[in-house]
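Numbering (the numbering used here), first residue to last: 121 to 289.
Each residue gets a CB set at the ideal place from its N, CA and C atoms; glycine is no exception.
Since the model is a prediction, treat every value here as computed from it, not as a measurement.
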Amino acid sequence: MKHRAPRSNMKKKYSRKRGPVRSKKVSIDGINFASGLEKYMYLALKKAKIPAIYEGETFELRPSFDFPFESYERTGNGKGEFRNRGNKKILNIKYTPDFVGKHFIIETKGRANESFPMRWKLFKQHIADNKLEPFTLYKPQNQKECDETIRLILEKQKQWPGKSTQSDK
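(1) Comparing alpha-carbon positions, which option in GLU268, GLU275, THR216 lies nearest GLU177?
(2) Is the region 224 to 234 touching the region 258 to 276, taking contact as three or more C-beta pairs under 8 Å?
(3) Between the C-alpha atoms of PRO171 and GLU253, what's the straight-line distance to the nearest angstrom?
(4) Below 8 Å, how does it come out for the region 180 to 198 and the region 154 to 167: are there three or more Cβ pairs, yes or no?
(5) Determine the direct distance from the alpha carbon of PHE179 to that of ASN250, and round the result to whole angstroms.
(6) Along the chain, where does the beta strand (DSSP E) containing GLY221 start, and where does it finish?
(7) Is the beta carbon of THR216 within less than 6 Å of some heavy atom of the ligand ZN?
(8) So is THR256 buried or exposed if we call it buried at 16+ other beta carbons inside 10 Å?
(9) What distance in whole Å lies between the Cβ atoms of SER235 and ASN212, which are believed to be in contact at a cut-off of 8 Å?
(10) Give the straight-line distance between the Cα atoms of TYR174 and ASN233, rounded to the nearest whole angstrom.
(11) Bridge partners for SER147 per DSSP, in chain order?
(12) If you follow the alpha helix (DSSP H) that LYS236 is in, where does it begin and where does it stop?
(13) Helix, strand or coil: which one does DSSP assign to GLU158?
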């Protein structure tokens with residue numbers, strides 16, 4: 121017969137379930153940022169003299185379309201009545217990156233919401249399919265990664281003679 125340690129002496133580790141993302145809105149230089157991480161990235165770009173526009177460009181990832189069939193469902197947030205919500209125009213899917221600069225796009229994302237991973241993949245596909253100018257994408261999730269992003273951008277600028285972001289003010 122095998123012996124095992126009594127369970128009463130073992131501590132169970134409970135992990136607290138993370139709730140919805142509630143980032144704090146922050147304002148600096150007259151710009152309203154959606155999170156403290158966006159503000160940190162803005163200040164890091166400014167300090168490094170790397171020009172970038174905050175939420176300056178929106179990309180249409182999927183066009184709107186007419187859905188001519190019945191579709192029984194609740195509203196998008198899962199609330200409301202279960203009823204026919206078909207025979208309608210379905211809105212387009214858009215994506216606005218946090219910062220757009222010459223040859224780079226930065227999306228600061230502390231904790232992604234449920235729809236972001238799919239939207240990010242669609243955005244990458246949009247860039248590839250439409251053969252947009254060569255962008256390097258950066259998705260820092262904390263301040264250390266923001267600093268690393270700045271270092272990588274500055275390093276890339278040295279490799280592109282005559283195409284430096286700093287000279288394109």
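According to the data block:
(1) THR216
(2) yes
(3) 17 Å
(4) no
(5) 11 Å
(6) 219 to 221
(7) The ligand ZN is not among the ligands present in this structure, which contains no ligands whatsoever.
(8) exposed
(9) So it is not a contact: roughly 14 Å between Cβ atoms.
(10) 20 Å
(11) ASN152
(12) Residue identity check: residue 236 is Phe in the sequence provided, not Lys. Looking at the DSSP string, the run of the alpha helix (DSSP H) that includes PHE236 is 236 to 249.
(13) helix
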